[in-house]
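When you number the sequence shown by the numbering used here, it's gap-free, plus one each residue, and the end is 1186.
For every residue, glycine included, the Cβ atom is placed at its ideal position computed from N, Cα and C.
Quick caveat: nothing in here was measured; it's all calculated off a predicted structure.
Here's the structure, in C-alpha cells; my notes come after.
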Amino acid sequence: MSSKFRFSTAGESHGESLVALVSGLPAGVPVAQEFMNRELWRRQQGYGRGGRMRIERDTAHILSGVRHGKTIGSPVAMTLANNDWKNWGEILPVEEGDGTKHKAVASPRPGHADLAGSLKYDFKDARYVLERASARESAARVACGAMAKMLLRELGIEAGSHVVRVGKAELGRDASWAEIVASNAREEILLNCVDAEAEARMKAEVDAALRTGDTIGGVFEVVVHGLPPGVGTHVNWDERMDGLLAQAVMSLQAVKAVELGRGVTAAESMGSTVHDAIAYREQGEGEAEDGGAKFTRFSREKNNAGGLEGGISNGEDIVVRGYLKPISTLRRPLGSVSFATREPVKAAYERSDVCVVPAAGVAGEAMVALVVAGLVIDKFGGDSLREMKRNFEGYCEQIRSF
C-alpha cells in the first residue's frame, strides 16, 4: 500500500457500527454522499443474499476530513451504523453484561476462521472471531473505496466490476467497458453479469444450491479504465502493482485465488499466443478512444496482460479477477466438534447468504481502487487536487510526446 495513502476499518458484524478511516487524500476532492451510498447499496444487492440484507440499509456518516463537500487534506473518518445492533445490544455489550444472554458459537464452522481464531486468541467459543471475520466488514472497505474512486474519477480513471462465473455457469466472453458501466448502473441487480443468457444460467446455479441448503461461489472481474501507463514500479518486490492488487483482492473474505489478465490460461499456453503485440500509430493516423493509444501512440493488439507488465501499468485496462469459494455457513451444516465436550456435532449455523459473488465484486472494486489511488498519489503527489491534476496532466503530455 502507498506510504502516504492509507485506510483502516474497525467494528464487528453485530456491533453498534462499522468504522472506516482514510488518510492521505489531497485537499479539494469533491465528495458526493449520494455516490458513496449507492456504492454501499450495490454491495448489498444480488440474487442469493440472506436475511441480513433486509435489515441493513447502509449509509456512511462522515465525521471528519470533509467540509463544504470537499476533502480538506486531513483524515476522513466515517461510521456505518448496524441496524441489527438493537437485537444484539444485550448479547454483545461493551460492559461485562449478563452472561446468560451471550450467544456462544459452540461448534466451529469448516471453512471459516472460527477454529483457527479461537485457538489463536484463546476463546472458548468462536463468537468474537466470527464477529470480526465476517464479510460485514467489507461494507467499511466499500466506503473507503468510494473515497478513492472519487479521487480517481477527477483524473478520468474509473473502476467497475461484473460477474464472470457462478458455479459452473460462465460468461464465456470478454465484456466491454461500456457493458460493465451499464451493468453497474442498473437499478435492479441480479447477479451483475453483462449477458442476460449467461446470467440466467448463473441464477439456476444459485437456485440449485438454495434447494439443497448449500452455498455456491464464483468469479468476479474488476476493471480499471483510463489509467495511464507508468503507474507502479518494477524496482522493488513490495512496490509492484500486480503484487499489491493480488494482496488487496485476496484479503477479501472468501477469496481464495486472484488472477491478473489471462494469468490462468496463460500458464497452459505458448508465449506467442499470450503476449500482447505492440503497434505504433504515426501522427495523423487518429487516436484510439480506449487503451494505451489514448495516452501514447503505442497500442496493444490484445490485453492478455491485464494492463500490467513488470508491475507497471501499460495503458490498457487493468483486469483483476477474484475467485470466491462458497460461503462457509451452510443451512445443512457439515460435521464439527463441540468446544465444550469435544464430541462430534454439526457446525454452528448463523444467518447467511447462498451466493455473494456480485457483492464481492463491489468490495473487489473498492480494494482495487484503493491500491490504484495510493499509487497515483505516490506518483503524482500534490497536497491539493489542483496540484495533483497539474502534475498528472504534465506527465500525460510527457508520455504523449515520447
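- According to the DSSP assignment, residue 1057 belongs to the alpha helix (DSSP H) that extends over 1055-1058.
- Put simply, the backbone Cα of residue 928 is about 18 Å away from that of residue 1007.
- For residue 1171, the secondary structure class from DSSP, reduced to helix, strand or coil, is helix.
- The beta carbons of residue 1002 and residue 957 sit about 16 Å from each other, so the pair does not count as a contact at 8 Å.
- Counting the other Cβ atoms within 10 Å of the Cβ of residue 1118 gives fewer than 16, which makes it exposed.
- Secondary structure at residue 1040: strand, using DSSP grouped into helix, strand and coil.
- Under a 10 Å Cβ-count criterion, residue 1178 is classified as exposed, with fewer than 16 other Cβ atoms of the shown protein chains found around its own Cβ.
- Annotated three-state conformation of residue 855 is strand, per DSSP.
- Counted as a single uninterrupted DSSP element, the alpha helix (DSSP H) harbouring residue 899 occupies residues 898-905.
- For the segment 1117-1173, the full-length alpha helix (DSSP H) segments reaching 4 residues or more read 1141-1164 along the chain.
- Within the same chain, Cβ atoms closer than 6 Å to the Cβ of residue 895 are found at 1112, the five residues on either side in sequence being excluded.
- Distance from the CA of residue 1050 to the CA of residue 917, rounded to the nearest whole angstrom, comes to 33 Å.
- In the displayed model, residue 801 falls within a strand according to three-state DSSP.
- If you draw a 10 Å sphere on the C-beta of residue 1145, you find 16 or more other C-beta atoms in it, and that means buried.
- At the C-beta level, residue 1169 and residue 878 stay beyond 7 Å of one another.
- Annotation note: the segment 963-1038 contains the following uninterrupted alpha helix (DSSP H) runs of length 4 or greater, listed N- to C-terminal: 980-995 and 1025-1034.
- In the displayed model, residue 929 falls within a helix according to three-state DSSP.
- For residue 1049, the enclosing alpha helix (DSSP H) has its first and last residue at 1047-1050.
- Runs of the alpha helix (DSSP H) spanning 4 or more residues and lying entirely within the segment 931-963 do not occur at all.
- By the beta-carbon neighbour count (other beta carbons within 10 angstroms, threshold 16), residue 1123 is buried.
- About 5 Å separates the beta carbons of residue 889 and residue 1132, which is inside the 8 Å limit, making them a contact pair.
- Excluding residues up to 5 positions away in sequence, nothing lies with its Cβ nearer than 7 Å to the Cβ of residue 1031 in the same chain.
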